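Visitor: One structure follows; several queries about it will come next.
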Amino acid sequence: MENRRNIIMDGDPGIDDAVALCLAAAHPEAFHLLAFTTVTGNQTIDKVTENARRLVEFYGLDIPVAKGSVVPILRKIETASDIHGKNGMGNVELPKPVKPLASENGVLFLYETIKSLPEGEKVTLVPTGPLTNIALLFRVFPEVKERVDEIVLMGGAAFGGNVTPTGEFNIYEDPEAAAIVFDSGLPIVMCGLDATNLCGIDREHTAKLMGENGAVCRAVGQMVQFYLESVVYKDKPYASIHDAVTFMYLLHPEIFKAVKMPVSVDCSENKNRGMTVCDIRDWNYDTEPSTTVLMDADSVKFQEYLVEAVYTLDRRLGK
Ligand code: RIB
Ligand code: CA
């Protein structure tokens, strides 16, 4: 299937990382998933790596998992157990992995995977956690950037935050890494809270998924249900599946409003730590911005396509 994008996902599963991977796995006609590299974020590196290994096999993906950075570049680890549970997956226990970990050095593994692409091919990086691995990759192996066609990341916000009034978790956790990535000069699509807050699965669909016979539907439903019971979503009609917006944008860009604008990152110690400073002053751009920010989304279409993908994978695997 020549129209497929080469994809490397770098994440911190994480409930919404897990649902994002389900969406990608349901669309092999669009995505050639090459690898999953893990990064400390929602939970510690050992937990998110174990989760990634279990998810890859649970979704029937024959791809390597490599363990990435144990800590952010400068800041201390601040996990999100209250949102993602002690195991990082809403306390849903998937079957233990069979395949061994492909590498204990995720940054080197990223480099080797990208360098081994066939001549003329490039890769789209899909980070759904803090950007530590991607930043270290660009610092240690800067030449690899010429094999990256685009970075479609979940993180940041033109307005607002979730860890602080102006800090979104993935950027807040490692602002220095985010600054390195946003300053890389590569084309970036920032799937920030302006769009991802609008993109979720509601209580009705979650209950239906939980009641299905299929293992994929049930697991996704149970993970999202944990989200819905968390402090963030317990009074809300749906839970935002932030990370899935990355792959949904690649599948259905038409359901989003995308605006090109420069983005920089506040790496201070003050109250705006990790803020993505999005410059909407389009009369003031001296060059074409390399970053595109998603500013709106069709919530109904997002949920329709995402739930459809869960059922598609469930039926394909027939678990
Ligand atoms: O702010 C949402 C992001 O933080 C998502 O990637 C979620 O998984 C957490 O990592
Ligand atoms: Ca994540």
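Quick note on numbering: the sequence shown equals residues 910 to 1228 in the working numbering.
Glycine included, every Cβ here is placed at the ideal spot set by N, Cα and C.
Since we're looking at a predicted model, the values are computed, not measured.
Can the beta-carbon of Leu1102 be found less than 7 angstroms from the beta-carbon of Gly1069?
Guide: Yes, Cβ-Cβ distance for Leu1102 and Gly1069 is below 7 angstroms.
Visitor: Where does Arg914 fall in DSSP's three states?
Guide: In this structure, Arg914 counts as strand in the three-state DSSP scheme.
Visitor: Closer than 6 angstroms by C-beta to Phe1050: which residues in its own chain qualify, once you throw out the five before and the five after it? Chain order, please.
Guide: Cβ within range, chain order: Tyr1020.
Visitor: Is there at least one non-hydrogen atom of ligand 1 closer than 6 angstroms to the beta-carbon of Met1063?
Guide: The answer is yes for Met1063.
Visitor: Taking all protein chains shown into account, decide if Ala989 is buried (16 or more other Cβ within 10 angstroms of its Cβ) or exposed.
Guide: With 16 or more other Cβ atoms within 10 Å, it is buried.
Visitor: Tell me whether Thr1230 sits in a helix, a strand or coil according to DSSP, three-state version.
Guide: The chain is shown from 910 up to 1228; residue 1230 falls before or after that span and cannot be answered.
Visitor: Across the segment 915-932 and the segment 989-999, are there enough close Cβ pairs to call them in contact, namely three or more that are closer than 8 angstroms?
Guide: Result yes; three or more Cβ-Cβ pairs closer than 8 angstroms.
Visitor: Which residue comes first and which comes last in the alpha helix (DSSP H) that contains Gly950?
Guide: Looking at the DSSP string, Gly950 is not in any alpha helix (DSSP H), and its letter there is neither H nor E.
Visitor: Which whole-angstrom value describes the C-beta separation of Thr1105 and Val1154, a residue pair presumed to lie in contact below a C-beta threshold of 8 angstroms?
Guide: That pair is a contact at about 5 angstroms.
Visitor: State the start and end residues of the unbroken beta strand (DSSP E) segment that holds Met1170.
Guide: No beta strand (DSSP E) contains Met1170, which DSSP labels as neither H nor E.
Visitor: Considering only residues of the segment 1116-1185, which uninterrupted alpha helix (DSSP H) runs meet the minimum length of 4 residues and lie entirely inside it, listed in chain order?
Guide: List check, alpha helix (DSSP H) in window: 1124-1137, 1153-1160.
Visitor: Run through DSSP, which three-state label would Lys956 get?
Guide: Looking at Lys956 - three-state DSSP - the assignment turns out to be helix.
Visitor: One question on the structure: do Phe1018 and Ala975 come within less than 7 angstroms of each other, judged by their Cβ atoms?
Guide: Yes.
Visitor: Contact between the segment 1199-1206 and the segment 1165-1173 is defined here as three or more beta-carbon pairs at a separation below 8 angstroms; is this criterion met?
Guide: They touch, by the three-pair rule.
Visitor: State the Cα-Cα distance for the pair Cys1100 and Met1063, rounded to the nearest angstrom.
Guide: Computed Cα separation, rounded: 5 angstroms.
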